[in-house]
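Have a look at the structure below, then the notes.
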Amino acid sequence: MQIIRLFRRIRSLAARKPKEPKKRKQKNLGVWISLNESLTVFDEDARFWWETTGPILARMMELIGYDQDTQHKHLLFYYMYILPALGRRPSPEGHPNGWESFMTDDCSPLELSWEWGMSAGESRVRFSIEPIGKHAGNSADPLNEKMVFQLIDTLRPAFHSSLDLTIFDAFSEALTTTHKKLDTKHISVNGRSQHFVAFDLDVGTPSLKAYFIPGLKAVETDTPVPELVVQAIDSCKAHLGSIFMNNFRRFNSDLTTFSKTSPSRPQIEIVSIDCVVPVKSRVKIYVRHRETSFDSVCRMLSLGASKPLDPASLASLRELWSLVLGLPEYFPSDQELPNVPHRTSGILYYFEIKPTSYDIVPKVYIPVRHYAKNDLSIAQGLATYFERRGHSATAGKYVQALSDIFSHRSLDSELGLHTYITCSFKKTGLSVTSYFNPEIYHPNRYIS
Numbered sequence: 001m002q003i004i005r006l007f008r009r010i011r012s013l014a015a016r017k018p019k020e021p022k023k024r025k026q027k028n029l030g031v032w033i034s035l036n037e038s039l040t041v042f043d044e045d046a047r048f049w050w051e052t053t054g055p056i057l058a059r060m061m062e063l064i065g066y067d068q069d070t071q072h073k074h075l076l077f078y079y080m081y082i083l084p085a086l087g088r089r090p091s092p093e094g095h096p097n098g099w100e101s102f103m104t105d106d107c108s109p110l111e112l113s114w115e116w117g118m119s120a121g122e123s124r125v126r127f128s129i130e131p132i133g134k135h136a137g138n139s140a141d142p143l144n145e146k147m148v149f150q151l152i153d154t155l156r157p158a159f160h161s162s163l164d165l166t167i168f169d170a171f172s173e174a175l176t177t178t179h180k181k182l183d184t185k186h187i188s189v190n191g192r193s194q195h196f197v198a199f200d201l202d203v204g205t206p207s208l209k210a211y212f213i214p215g216l217k218a219v220e221t222d223t224p225v226p227e228l229v230v231q232a233i234d235s236c237k238a239h240l241g242s243i244f245m246n247n248f249r250r251f252n253s254d255l256t257t258f259s260k261t262s263p264s265r266p267q268i269e270i271v272s273i274d275c276v277v278p279v280k281s282r283v284k285i286y287v288r289h290r291e292t293s294f295d296s297v298c299r300m301l302s303l304g305a306s307k308p309l310d311p312a313s314l315a316s317l318r319e320l321w322s323l324v325l326g327l328p329e330y331f332p333s334d335q336e337l338p339n340v341p342h343r344t345s346g347i348l349y350y351f352e353i354k355p356t357s358y359d360i361v362p363k364v365y366i367p368v369r370h371y372a373k374n375d376l377s378i379a380q381g382l383a384t385y386f387e388r389r390g391h392s393a394t395a396g397k398y399v400q401a402l403s404d405i406f407s408h409r410s411l412d413s414e415l416g417l418h419t420y421i422t423c424s425f426k427k428t429g430l431s432v433t434s435y436f437n438p439e440i441y442h443p444n445r446y447i448s
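Heads up, the sequence shown is in full-length UniProt numbering, so the first residue is 1 and it goes up one at a time.
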């Protein structure tokens, strides 16, 4: 009955639509097709997001072995909760309609990823969105302040007792602002994002993560972002505990020292949390550094470390780095990548701190979006990396899978589908994830 009531709540008559994106047939999609036949009534915005992004999510789950029941559950979750939070469909010309999201470089409000497990059955699909209200960007909601809170409130029944917003509420207060506190007329339209949310599609209920972008809060308060982050974490120190606070102070001290000696100062860009009880939550601090040599990557990954990074893991990382970026075999480790003048160029990192662990877990985001040759070369490089590690099944289907899923253009035509290839340093070795921009606004999606 709950599902029926939710369906009724989000039903509305389909209005006459502007020009539809070009549709291309995808293979399989049995679960999505079955749901699509039974969930027939949408408003025009939800219809667009369902028909454009639903098949992508479905195919990604199929290809790494989600059973049909699990696919059905996650697609229904996506339909019921996520579609209404993706904002208005693109303009008839295929441009962002009222809000330009910082989620991806082309303003698509959705990013999807494959997290590749160390062994069979450990891989999973994940996605992140910027919740966008229907009036985001106009005078009624100039900073898109409302939808993230509406979405989380709507999610409460789905998450039952596992949802805890203690840290979320504190960080929202400390790291984000409102249009009533900040004059927005001088703020760039593509620099206003403040909240993202993300979901890991596990066997049970998806897990919820929240992301805070403190740039506007820094403008409002005239306070540097690092100070805001310290204030946010200090406000939760009673919940996070002494182990966490000691680790954070060590990391923050290392970052401060590094910033004083580096020609290009690393910048904190995002802070994320798990929306669970604080003792189980991870806090991730995302840092962007403009230096792009592999040696600089190794130095950054060592920030806050209580022990040296594993040499074998660093060797694997360098191999992956060279393969997905298409670098020559003997490319010097101290040589910078070609200069790319873009807001998201450079290298992105996060540093994961937990209340119950003495180790800080680093992760590097290899920005293939800016520095590789094209999406085909990235896919082939990652497939080679998998093949060399005995994951021949994954390697064999990766390139063709991407061609099937993102069929609006050829992989060798340009960059942009892959946003990052990432490596996280786990106790069991490197954990690799590939991130994708669905290119919602790509011109090929709107060719008649």
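Built from N, CA and C at the ideal position, the CB exists for glycine as well.
The structure presented is a predicted model; accordingly, all values stated were derived computationally and were not measured.
Spatial neighbours of residue i within its chain, please: C-beta separation below 7 angstroms, excluding the five flanking residues on both sides.
i: Thr223; result: none
i: Asn339; result: none
i: Gly117; result: Ser123
i: Trp50; result: Phe42, Tyr79 and Leu83
i: Tyr441; result: Pro90, Gly94, His95, Pro96, Asp106, Cys107 and Ser108
i: Gln231; result: Ala174
i: Tyr66; result: none
Give me, in chain order, the residues of the same chain whose beta-carbon lies closer than 6 angstroms to that of residue i; leave out the 5 immediate sequence neighbours on both sides.
i: Phe196; result: Ser128, Glu130 and Tyr211
i: Ala170; result: Ser235 and Cys236
i: Tyr286; result: Glu269, Ile270 and Tyr350
i: Leu255; result: Leu303
i: Phe406; result: Leu417
i: Phe102; result: Ser193
i: Ala46; result: Leu83
i: Gly346; result: Arg288, His289 and Arg290
i: Ser431; result: Ser424
i: Gln267; result: Arg288
i: Ile360; result: Asn247, Phe251, Gly304, Phe351 and Ile353
Could you confirm whether any beta carbon from chain C is found closer than 8 angstroms to the beta carbon of residue i?
i: Leu325; result: Included in the structure is just one protein chain, with no chain C present.
Using a 10 Å radius around the Cβ and a threshold of 16 neighbouring Cβ atoms, would you call residue i buried or exposed?
i: Glu269; result: buried
i: Lys307; result: exposed
i: Lys354; result: buried
i: Ala383; result: buried
i: Phe436; result: buried
i: His95; result: exposed
i: Pro263; result: exposed
i: Lys209; result: buried
i: Thr52; result: buried
i: Ala238; result: exposed
i: His391; result: buried
i: Gly54; result: buried
i: His370; result: buried
i: Pro139; result: What sits at residue 139 in the sequence shown is Ser, not Pro. Looking at its Cβ environment, which holds fewer than 16 other Cβ atoms inside 10 Å, Ser139 is exposed.
i: Glu145; result: buried
i: Glu100; result: buried
i: Asn28; result: exposed
i: Asp202; result: exposed
i: Gly137; result: buried
i: Ile132; result: buried
Rounded to whole angstroms, how far is the Cβ of residue i from the Cβ of residue j, which I believe are closer than 8 angstroms?
i: Thr422; j: Ile366; result: 7 angstroms
i: Glu115; j: Thr419; result: Between Thr419 and Glu115 the Cβ distance is about 14 angstroms, and since that is not below 8 angstroms, they are no contact.
i: Leu63; j: Ala401; result: 5 angstroms
i: Phe386; j: Ala395; result: 4 angstroms
i: Glu93; j: Thr104; result: At roughly 19 angstroms, the Cβ-Cβ gap does not stay under 8 angstroms, so Glu93 and Thr104 are not in contact.
i: Ala85; j: Leu151; result: 5 angstroms
i: Arg89; j: Gly98; result: Between Gly98 and Arg89 the Cβ distance is about 10 angstroms, and since that is not below 8 angstroms, they are no contact.
i: Arg126; j: Ser108; result: Not a contact, Cβ separation roughly 16 angstroms.
i: Thr184; j: Leu155; result: No, Thr184 and Leu155 are not in contact; Cβ-Cβ is about 28 angstroms, not under 8 angstroms.
i: His72; j: Pro206; result: That pair is no contact at about 14 angstroms.
i: Val276; j: Asp164; result: 5 angstroms
i: Leu325; j: Val364; result: Actually they are not in contact, since the Cβ atoms of Leu325 and Val364 sit about 12 angstroms apart, beyond 8 angstroms.
Can you pull the DSSP bridge partners for residue i?
i: Cys236; result: Paired residue(s): none; Cys236 is not in a bridge.
i: Ile353; result: Val283
i: Val432; result: Trp116 and Cys423
i: Phe127; result: Leu112 and Phe199
i: Gln267; result: Arg288
i: Ala136; result: Asp141
i: Asp274; result: Lys209
i: Leu348; result: Arg288 and Tyr365
i: Leu86; result: Ile132
i: His418; result: Phe436
Closer than 8 angstroms by C-beta to residue i: which residues in its own chain qualify, once you throw out the five before and the five after it? Chain order, please.
i: residue 450; result: There is simply no residue 450 to check, as the chain begins at 1 and stops at 448 in what is shown.
i: Tyr398; result: Ala379, Leu382, Ala383 and Phe386
i: Leu327; result: Trp321
i: Ala14; result: Low local confidence applies: a pLDDT of 32 at Ala14 is under 50, so the model's placement there is unreliable, and no value is given.
What do you reckon, is the C-beta of residue i under 7 angstroms from a heavy atom of the ligand ZN?
i: Ser193; result: Among the components of this structure there are no ligands whatsoever, and the ligand ZN is therefore not found.
Item checked: Cβ contact (3+ pairs, closer than 8 angstroms) linking the segment 332-350 and the segment 288-297 -> yes
Item checked: Cβ pair count under 8 angstroms reaching 3, the segment 215-229 against the segment 165-181 -> yes
Item checked: Validate contact between the segment 309-324 and the segment 244-251 using beta carbons, cut 8 angstroms, 3 pairs -> no
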